[in-house]
Amino acid sequence: LVGNPICSPGVSVTENYCTLPQQANSSYSTPAENCTPLPCSSDMISSPTCKCAYPYTGTLFFRAPSFSDFGNSTVFGALQSKMMATFQSSGFPVDSVSLSDPTKNIDSYLLLNVQVFPSGQDYFNRSGISGIGFILSNQTFKPPSGFGPYYFIPANYQYFAGLAAGSHKSNTGIIIGAAAGGSVLFLLLLIAGIYAFREKRRAETASRKNDPFASWDPNSNSGGVPQLKGAKCFSFEELRRYSNNFSEANNVGRGGYGKVYRGILPDGQLIAIKRAQADSTQGGLEFKTEIELLSRVHHKNVVGLVGFCFEQGEQMLVYEFIVNGTLKDSLSGKSGIRLDWNRRIKIALGAARGLHYLHELANPPIIHRDIKSNNILLDDRLNAKVADFGLSKPLTESEISHITTQVKGTMGYMDPEYYMTQRLTEKSDVYSFGVLLLELLTSRNPIEGGKYIVQQVKQRMDSTKPFYDLQPLLDPTVISTASPAVASVENLVDLALRCVEEHGLDRPSMSAVAKEIENVMESIGLNPNAESASTSSSYEAAGRGEKLHPYSNESLFTYSGAYPPS
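Be aware that the sequence shown starts at 1, since it is given in UniProt numbering, and climbs by one per residue.
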């Protein structure tokens, strides 16, 4: 009953029903190698070879282990040996590897703590951390077959060689340092007059050199210089290094704008680098828009912007790395993640809350304009995160009702009212979200085999029958895992069809949508506030004159993502 409202604090219920069963014999820890562990200082750890050091740590998540005895030293010893062999064959200074605390989470994933100890010194340097992180994060390391597929979440590494060495220095070193500091201060006082004379000129020169937008031309089609809140400006050289020279091994996706690369920062944080190509369909204005909007929004269901790069003719955005990829990958089976009905409802709620935040709580309010399964990312706990703000539009106070704008979006998800009138409102996102709900229910592309999913559902549904007689359209996984709660599927179908009403005024707001999904979850015993247990082609049109309904002409559906006639 973990996650059920009955297990909420303050509700009297036996612990036996509200806690996960503990694994027997789950106390495995890598033993010392025929040596006696030494006492270490409070911030150091003894390795399996009995040396005190600062290890690189993290957690391995194995999705489908074939064994259940988490105290089996033979199984974990084989994993440890293979990991050591991989590090040594790659030339990294690794002394030993320690594995500990194997546990199973609510998704039946095996969680295993990993400590990698440096060889020859107490600390890893930055290149060592990056290399080890790449091997584990890029799945270069292949575990023994019994462990199955995995992913790695590293902890931030703060103990780089040379950074903390001062804690081991003697008082003599402190005295020498103080004397040197006094000498430097004396010299600085002598040249204070010269420094004051040149300060203004140097400040101006430094400002020009350090301004990441010094080459940004406000008179070009890129718009004015972005106004940022918290995003970091990376150099091209930094991102080249963090992504291993933008290697193909780190290429995790591509789109009309270019490619997305996995990277790792010096502190071990995983990042996704979105690198635009020279002929990208995302221009300078979209690049600026995405930087500005993402630097202002902070919500658990919206992807976080780490920084950007705008130099050497490059446009790159740096995001938090979302390990489970896009919702599209999971629905298509590409990611290997099985989404049962409960997980799909939670994903729908997360995406709805993200959109509700953008529409009503962000300042200024934001219309996403390209909601689709490729732009919903799933983190390691399958929490949904709204991503890709290149086409988004902020609403000023004078535009709070609607914006008249060039039509952009993705066919199949695009609001037909917006397409025909060029009047963009937050209800355009609601329409796209309704299509997304139908995609969650069916695992089908919005336009597939010349047919539009909204029309198919409307034509097929019979509200007098179970599942509204939509079984031929529904994903078999939805039918099998939602059988005890058929009404919840029917409620989501009703909600999706209200979201795709022809007229925007007839559609609910995203706050109402999120509330209704919460009610559906509660009706089947799920806690909407509990943490989750761990297409079509882009379309752009600026035609003049009267618009045809984008989904009324059968000729549009001869292939997925077809363009409307001009």
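For glycine and all other residues, C-beta sits at the position ideal for the given N, C-alpha and C.
| Item | Value |
| --- | --- |
| Chain-order list of residues whose beta-carbon lies under 8 Å from that of residue 624 (same chain, five-residue window excluded) | There is no way to answer for residue 624, as the model of the chain reaches only from 1 to 566. |
| Ile371 to Ala351 span [Cα, whole Å] | 9 Å |
| Alpha-carbon to alpha-carbon, Tyr419 and Glu399 | Any reading at Glu399 needs caution, since the residue's pLDDT is 44, under 50, leaving its predicted position unreliable; the model's value is listed next. Distance between the alpha carbons of Glu399 and Tyr419: 18 Å. |
| Euclidean distance between Cα positions of Ile403 and Gly409 | Unreliable positioning characterises Ile403 in this predicted model, as indicated by a pLDDT of 49, which lies under 50. A coordinate reading is not provided. |
| DSSP-derived helix/strand/coil call for residue 568 | Because the chain in this structure spans residues 1 to 566, residue 568 falls outside the shown range and cannot be described. |
| Best match in Arg460, Glu417 and Glu426 for proximity to Glu360 [C-alpha to C-alpha] | Glu426 |
| Exposed unless 16 or more other CB atoms sit within 10 angstroms - verdict on Glu292 | buried |
| Enclosing beta strand (DSSP E) for Arg275 [first to last residue] | Leu270 to Ala276 |
| 7 Å Cβ shell around Asp340 - same chain, five flanking residues per side excluded | Thr477 and Thr481 |
| Alpha-carbon to alpha-carbon, Pro143 and Thr86 | 10 Å |
| As assigned by DSSP and simplified to three states, the class of Asn251 | strand |
| Own chain, CB closer than 8 Å to Cys233, minus 5 neighbours either side, in chain order | Pro212, Gly307, Phe308, Cys309 and Phe310 |
| Exposed unless 16 or more other CB atoms sit within 10 angstroms - verdict on Arg338 | exposed |
| Limits of the alpha helix (DSSP H) - the one that Val454 falls within | Ile453 to Arg460 |
| Those runs of the beta strand (DSSP E) which lie wholly inside the region 71–143 and span at least 3 residues | 94–104 and 110–118 |
| Inter-residue spacing [alpha-carbon to alpha-carbon] between Leu331 and Tyr54 | 41 Å |
| Residues of its chain near Glu439, where Cβ-Cβ distance is below 6 Å and the 5 sequence neighbours each way are ignored | Ser373 |
| Close Cβ partners of Gly135 (< 6 Å) along its chain, the five nearest in sequence each way excluded | In the sequence as displayed, the identity of residue 135 is Ile instead of Gly. Hits under 6 Å: Phe141. |
| Assigned exposure category for Ser42 - 16 Cβ within 10 Å defines buried | exposed |
| Among Val303, Phe467, Thr49 and Leu327, the one whose alpha carbon lies nearest that of Pro484 | Phe467 |
| Residue closest to Pro266, alpha-carbon to alpha-carbon, out of Tyr159, Phe152, Phe67 and Lys300 | Tyr159 |
| Cys52 (DSSP reduced to helix, strand or coil) | strand |
| 8 Å Cβ cutoff met for Ser137 and Arg241 | no |
| Beta strand (DSSP E) segments (min. 3 residues) lying fully within the region 319–373 | none |
| Validate contact between the region 445–463 and the region 523–531 using beta carbons, cut 8 Å, 3 pairs | no |
| Neighbourhood of Ser243 by C-beta distance below 8 Å, restricted to the same chain and skipping five residues each side | Asn250, Tyr261, Arg262, Gly263 and Ile273 |
| First through last residue of the beta strand (DSSP E) which encompasses Lys300 | No beta strand (DSSP E) holds Lys300; DSSP gives it neither H nor E. |
| Contact under 8 Å by Cβ, Thr49 with Asp95 | yes |
| Residues near Val75 by beta carbon distance below 7 Å, same chain, minus five either side | Phe67 and Gly146 |
| Span separating the alpha-carbon of Phe70 from that of Ser81 | 17 Å |
| CA nearest to the CA of residue 586, picked from Val486, Ala512 and Val303 | The displayed coordinates of the chain run from 1 to 566. Any statement about residue 586 would go beyond what the structure contains. |
| Where the alpha helix (DSSP H) containing Cys499 begins and where it ends | Val486 to Cys499 |
| Three-state class that DSSP yields for Met510 in the structure shown | helix |
| Outcome for Arg353 when other beta-carbon atoms lying within 10 angstroms are tallied against a minimum of 16 | buried |
| Asn324 to His299 span [Cα, whole Å] | 18 Å |
| Distance between Pro365 and Pro416 (C-alpha atoms, nearest Å) | 22 Å |
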